[in-house]
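Chains as they are written, first to last, in the working numbering: chain Y, 38 to 320; chain G, 85 to 424; chain B, 6 to 253. Ideal Cβ positions, reconstructed from N, Cα and C, are used throughout, including at glycine. Keep in mind that this is a model prediction, so the values were computed, not measured. Reading through the C-alpha cells given below for one structure.
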Amino acid sequence: MTNASRTPSAESRDLYLPVMAAITDIRKMTEFETLYEITLPGGAELGHQPGQFVEVSLFGMGEAPFSVSSSPTRKGSFEMGVRRVGMLTDVMDRMQLGEKIGVRGPFGNGVPVEKFKGKDVLIVAGGIGLVPMRSMINYVLDNRGDFDRLIICYGARSDGELLFTDELKMWADDPRVEFHVTVDHGSTAWTGHTGVITTLIPGLDLDMPQTRVLVCGPPVMYRFVLLALRSKGVAEENIYMSLERRMKCGVGKCGHCQINSSYVCQDGPVYHYPDLKGLQEAL
Amino acid sequence: MVQYLLEDSRVVDFVSHLQACKTVYAPHRKGTSSFAFAPVDDPTAVVLDYNRTLHSVKKYFLPPTETLLSFDLRTNEFTESEIVPCDAVFLGVHSYDLRAVHKLDHNFRQENPEKNYLRRREEAAFVGVSFEPDAFHFSGSVGIGSRDSSGFDVFLTRIAAGYILTAHTPVGQELVDGFVMPEYTGDLPVPPGFKQHIYVPQDKLSEVFEHSYRNDVWLETAEKCVGCGTCNLVCPTCYCFNVEDTVEITIDGGSRARTWDGCMLRSFTEVAGGEVFREESAARQRHRVYRKFKYISDRTGEPWCVGCGRCNQACTAGISIVSIVNRLVNDYDREVVETA
Amino acid sequence: MAKPRVGIFDFTGCEGCELNQLNFEDQLLDILGHVDIVEWREAMDGQVDELDIAFVEGSLSTPECITRIHEIRRKSKVLVALGACAVQGGVNAMKNTRPIEEVREEVYGDQKYLFPTLPALPLSAVVKVDFAVRGCPMTQIEFLKVFTSLVMGKAPIEPDSAVCVECKLKENECVVDKGMICLGPITRMGCGARCPTFGQYCNGCRGLVSAPNIEGMQEILVEKGLAMDEAWKRLQLYNANQLEGVQR
Ligand SMILES: Cc1cc2nc3c(=O)[nH]c(=O)nc-3n(C[C@H](O)[C@H](O)[C@H](O)COP(=O)(O)OP(=O)(O)OC[C@H]3O[C@@H](n4cnc5c(N)ncnc54)[C@H](O)[C@@H]3O)c2cc1C
Ligand code: SF4
Ligand code: SF4
Ligand code: SF4
Ligand code: SF4
Ligand code: FES
C-alpha cells in the first residue's frame, strides 16, 4: 500500500458541499408522493445515468438520497419523485416553486444500459420503485431503436397509490410498450388487474435468452419476484436489481449503506443478480 | 542508515528541538492510568513509554466531530468550513497506529478522494517509537512488529540507555538536523514478544472467514455484548460517520457536522419507518469483525485490524476480537481442514 | 407565521427540572422570542383551550394527575415529556417495586387512606408522548435542541445510542478502569456523557437505549463486583418501569 504522506492531494475533492438548485415545477401525484422538477444553476445538466441518485439537502434538516426519476435524454432539468415519510420529506412537501434545495451527485453506478441494448427490456417496479425505473423507461423510449421490446410490470398497493398516472396512460396506449399494471387492493372504480406484482409475471410472453430484467421495489418484493422470474425460466445472469439502504454520504465513506463487503452508494444501487448472491445481507 | 543514541536524559531536549521546527503532538498522561495524544506544551509532560493511547492519531485527521459547512437559514446559503492541514510532527506514534493511518489513507482515497481527510493528513510527519506489548497487543499477528519503522520519518527504538534514533526520510533527516547525538554502534537486543496471537498466518484469514459466516460465536458473543459501540469508537481503522444538522437557538443559522459512528450501534442502519437493516446484535458483531478481516481485506490483500488491542481493553463486557478470530480458526481447522 | 402557543406543566417531581430553575441565561430570552407562553403554572394564572406544544414535567402518582394529563393531552398538538420523572417514571418509580401499601404507610403515615397514590407512572403510560427531553435533571442542551426543532416544525431526532459513544467522542478515561460501576453502556446518550466527563459513573438517569441487552449489562455489573440484587437495584434506580417484566 502506498503511503499518502506528503503526496499531493490535488485530485481530492469537496465531497460534501451541495450545489444550490431551484425547484421549477411541483406536481402532486398522490396524497404522499410529489414530483419535483429541479433546475441546476444556469440550467446545467446533472449528467446522470438511469438508476442513479442524488443527495438532497435542506439546511437544518439534513440530507436524504432520492433517485433521479427523469431520463438523461430530457435536458435542462431533472425530476425526483418524493414520498413523504419523515423529517426531511415532510418539509419538502411544504416547499414552494422557486425555493432552493442543495443537491450533491449524481451518485451510484446506475443501470448498465449497454447490457440492455439490442435486448428485450423487462422492468418490474413495485410502489415507489417506479420512480427510478421511470428514468430507464423514458431513456428506452427516447432511444427506442437501440432496444428491442419494452415490457413494464408495475404494481401498487391500491389504485389511489398509482404514480405518474398520466404517463401510465401514455405507456398503455403506446404500441411500442407492453404495459401491465396491478394493484393489491382495487377500489370499486378499479377495472384492471388485482393481485400482487408477482401475479403479472406468469402470463408474460417472454423470449428468454433475449430478455434483460430490471427490478426495483420495496425490500419484501425482491424474493418473490425472483421466484416468479426463475420459474418463468429467466436466467440469473439476465437479472439486475436496484437496492435501497440507509445512506448518508453517498460517496463510499460513511459506511451506513454497506451490505457485507459492498457499498450500495458506490457499487450499487443497481446490482447484477449473480453478484448479489455473495452478499447475504442483500435480499 | 546511521543509528544515533538518544539518551533518556536528552529526550526532553529532543522534544524541544522538534518544537522549534513545528507543532508537536505526543502522548501525555490522562486520568489515572490512561494516555492520550495532545499538543505538546511542556516537553517534560511527554510520555514515550506507554501501552496505548485512548484514541489513535486518527483523531487529528478525522476529528470526532467535524463541521462540514455552516448555513444561514434566512438566505438559504452556506459557507464551507476551512480545512487546516496538520503541518505538525506526531511524536511517539506506535507502528500499528501509523499502519492504521495508511489504511485510512486508502479508504479516503478510493474512488472518491476526500479533501477533508487528505488535506489534513498530507503534511503530517511521524516520529515513531517502539513499544512493549502488553496483554492486549497482537499487532505481530497482522504483520506489524513492535519495532516496525516502515512509513515513519524518524523512528525511536527503546533500549536500556534510551532510544536508538534513525531517520528514514528526507523530512525525518530535516527534523533531526542540528540535534547532536552520538552514533550508536551497539547491538540491538531482541524485541520483547507478544502475549496475544492470532493462531493462523494472515494470508489464511480470508479462507477462514469464507467459512465462518454462520459460526455460533456470533450468537454467543451477542449474549454478552451490550451494543455500546465502544469497540468501533476506539478503533484506529474505523472511519464510519454520521452527518447531522444543528440549528442555533436563534433559528437563523446552524451547521452541518459529521461525527464518528459505528456499525455496532443499532441505529446505524435504521431507516425511515423504524426498519433496522442489521437488527441482530450477532449480525452487527459479525459485520464489525468481517470489516476488519475480510471485506476490505479481500480488496486490498491486508487485514484491516492493526492489532492495537483497544477494542478488547475498552470493552466493558470483555469481548476480545482475538478470541473470536481464534475460535473461528479452530472451528475452521476442525470442520474444514481435518475433515478434508 | 404565528408563533407557536406553548404551555408548561408539572406533576410530582423533585422540582429539579423546572424550567425557571435551569440555568439558561440569555438563551431563555432567545427561546421566548420564538413562542408565546400562554400557560405556565408558576408564572401565570388562567388556562387556555388550545396549545401547539405542551411541555410536561413530573410523573403521575394520583388519580387527579391522570385526569389533568388527559386534559393537557386533549388540548395540545404536541406533548413533550421533560425529565426522567416524566419520561421513565423517574426515581419516583422506585416505589413501584415495593407494595403500594407499604409506600403509602411510609409517606403518609396514619393518613394514608386520604391520599390514594398510584405507582409513579411515566406520562407515556397514560397518554401519547410525542417527544422527550431526558435526564435528571433534564439535559439542557437536549431541551434546546428539541425546542428549536419544534419551532422549525421538524421532529427532533431522539438519540438512541449509549452514553459510551459520547464518552468516547470526548476521549474520556473510562471510569470502569478506576473501579467504578457505570451504566453508560446501555443508557441513552444525549447528555454529552456528563457524569463520566466529571470522573463520575453514569447511573442511567436518561433511561435505556431501545432494545437494551439487560442480561448482558447485569452480567457486567456482577463481573465488576456487584452482587446480583445490588446490580438489579442499580439498574432500577431510573428505569424501574422499563425493567418491568424483564427476567432478573
Ligand atoms: C438510493 C436511494 C434512492 C431513494 N430514492 C427515493 C425516491 O426516489 N423517492 C423517495 O421518496 N424515497 C427514496 N429513497 C428513500 C428516502 O431516502 C427516504 O425516504 C428519506 O431518507 C427519508 O427521509 P426523512 O428525513 O423524510 O425521514 P426520517 O425518518 O426523518 O429520516 C432521517 C434520516 O434517516 C435516513 N433514512 C431514513 N430512511 C431512509 C431510507 N429509506 N433510505 C436511506 N436513508 C434513510 C436518512 O439519512 C435521513 O436523513 C431512496 C433511498 C435510497 C437509499
Ligand atoms: S465494546 Fe463490547 S459491549 Fe460494546 S459494542 Fe463492542 S463488543 Fe459490544
Ligand atoms: S479491531 Fe480492535 S485491535 Fe483491531 S485495530 Fe480495531 S481496535 Fe485495534
Ligand atoms: S465511563 Fe461509562 S459511559 Fe464512559 S466509556 Fe466507560 S462505561 Fe461507557
Ligand atoms: S452520564 Fe448517565 S447519569 Fe449522568 S447525566 Fe448522562 S445519562 Fe444521566
Ligand atoms: S452512503 Fe456513505 S458509504 Fe454509502
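Burial state of residue i, where buried means 16 or more other Cβ atoms lie within 10 Å
i	result
lysine 378 of chain G	buried
methionine 245 of chain Y	exposed
leucine 119 of chain B	Because the pLDDT at leucine 119 of chain B is just 47, under 50, the model does not fix this residue reliably, and the value given afterwards should be weighed accordingly. Exposed, by the Cβ-count rule.
alanine 7 of chain B	exposed
asparagine 180 of chain Y	exposed
lysine 133 of chain B	exposed
threonine 71 of chain Y	buried
glutamine 397 of chain G	buried
asparagine 244 of chain G	For the record, residue 244 of chain G in the displayed sequence is alanine; it is not asparagine. Exposed, by the Cβ-count rule.
glycine 135 of chain Y	exposed
serine 117 of chain G	exposed
threonine 228 of chain Y	exposed
aspartate 203 of chain Y	exposed
alanine 216 of chain B	exposed
valine 181 of chain B	buried
threonine 400 of chain G	buried
threonine 149 of chain G	exposed
threonine 192 of chain B	buried
tyrosine 297 of chain G	exposed
Residue i, enclosing alpha helix (DSSP H) - first and last residue
i	result
alanine 398 of chain G	394-398
tryptophan 237 of chain B	233-248
leucine 429 of chain G	It is not possible to answer for residue 429 of chain G, since the shown part of chain G is limited to 85 through 424.
aspartate 218 of chain G	Counting along the chain, aspartate 218 of chain G falls outside any alpha helix (DSSP H), and DSSP gives it neither H nor E.
arginine 171 of chain Y	167-179
leucine 202 of chain G	199-205
glycine 88 of chain B	88-93
threonine 137 of chain G	Premise fails: threonine 137 of chain G is in no alpha helix (DSSP H) and is neither H nor E.
Limits of the beta strand (DSSP E) - the one that residue i falls within
i	result
isoleucine 189 of chain Y	187-195
glutamate 92 of chain Y	90-95
arginine 113 of chain G	107-114
isoleucine 160 of chain Y	157-163
tyrosine 277 of chain Y	276-279
proline 143 of chain Y	137-144
lysine 206 of chain Y	Not the beta strand (DSSP E): lysine 206 of chain Y falls in the alpha helix (DSSP H), residues 202-210.
glycine 84 of chain Y	Taken as a continuous stretch (DSSP letters only), glycine 84 of chain Y belongs to no beta strand (DSSP E), as it is neither H nor E.
serine 118 of chain G	118-123
Contacts of residue i in chain B (Cβ-Cβ under 8 Å)
i	result
valine 128 of chain Y	Gly158, Lys159
7 Å Cβ cut-off: residues of chain B touching residue i
i	result
tryptophan 344 of chain G	Leu174
threonine 446 of chain G	Any property of residue 446 of chain G remains undetermined from this structure, which presents chain G solely from 85 to 424.
methionine 124 of chain Y	Lys159, Ala160
glutamate 307 of chain G	Gly221
cysteine 318 of chain G	This sequence places valine at residue 318 of chain G; cysteine is not what is there. Correct list: Lys173.
Interface partners of residue i on chain Y, CB under 7 Å
i	result
valine 355 of chain G	Arg283
aspartate 232 of chain G	Within 7 Å Cβ-Cβ: nothing; aspartate 232 of chain G doesn't reach chain Y, min ~13 Å.
glutamate 328 of chain G	Gly99
Chain-ordered neighbours of residue i on chain G, where CB pairs are closer than 8 Å
i	result
glutamine 32 of chain B	Ile333
methionine 222 of chain B	Val310
Amino acids of chain Y, ordered along the chain, whose beta-carbon sits closer than 8 Å to that of residue i
i	result
lysine 199 of chain G	Ser46, Ser49, Arg50, Asp51, Leu52
Amino acids of chain G, ordered along the chain, whose beta-carbon sits closer than 9 Å to that of residue i
i	result
alanine 216 of chain B	Gly311, Arg350, Val360, Glu363, Ser365
glycine 292 of chain Y	Cys322, Tyr323, Cys324, Phe325, Asp345, Gly346, Cys347, Phe352, Arg375
isoleucine 36 of chain B	Ile333
Proximal chain G residues relative to residue i, where beta-carbon distance stays under 7 Å
i	result
valine 288 of chain Y	Asn196
Relative to chain B, which residues along the segment 71-105 of chain Y have a C-beta separation below 7 Å, given in chain order?
Flagged, chain order: Gly97, Met98.
Mind listing, in chain order, the residues whose beta carbon lies closer than 6 Å to a non-hydrogen atom of ligand 3?
G/Val318, G/Cys319, G/Pro320, G/Thr321, G/Lys376, G/Cys389, G/Val390, G/Gly391, G/Cys392, G/Gly393, G/Arg394, G/Cys395, G/Ile405
When you check each C-beta in the segment 67-84 of chain B against every C-beta of chain G, which residues fall closer than 8 Å?
none
Mind listing which residues of the segment 134-151 of chain Y have their C-beta closer than 7 Å to chain G's C-betas, in chain order?
For the segment 134-151 of chain Y, the set of positions with a beta-carbon nearer than 7 Å to some beta-carbon of chain G reads Lys137 in chain order.
Residues with a Cβ closer than 5 Å to any heavy atom of ligand 1, in chain order?
Y/Phe90, Y/Gly99, Y/Ala101, Y/Pro102, Y/Phe103, Y/Ser104, Y/Val119, Y/Arg120, Y/Val122, Y/Gly123, Y/Met124, Y/Leu125, Y/Thr126, Y/Val168, Y/Glu281, Y/Arg283, Y/Met284, Y/Pro306, G/Val355, G/Ala356
Residues within the segment 129-152 of chain G neighbouring chain B, beta-carbon criterion of under 8 Å
Leu138, His139, Lys143, Pro148, Thr149
Contact set between the segment 102-125 of chain G and chain B, restricted to residues whose Cβ is under 7 Å from the partner:
So the close ones are Lys114, Gly115, Thr116, Ser117, Ser118, Ala120.
Under 7 Å (Cβ pairs) to chain Y, residues found in the segment 153-173 of chain G
Leu153, Phe155, Leu157, Asn160, Phe162, Glu164
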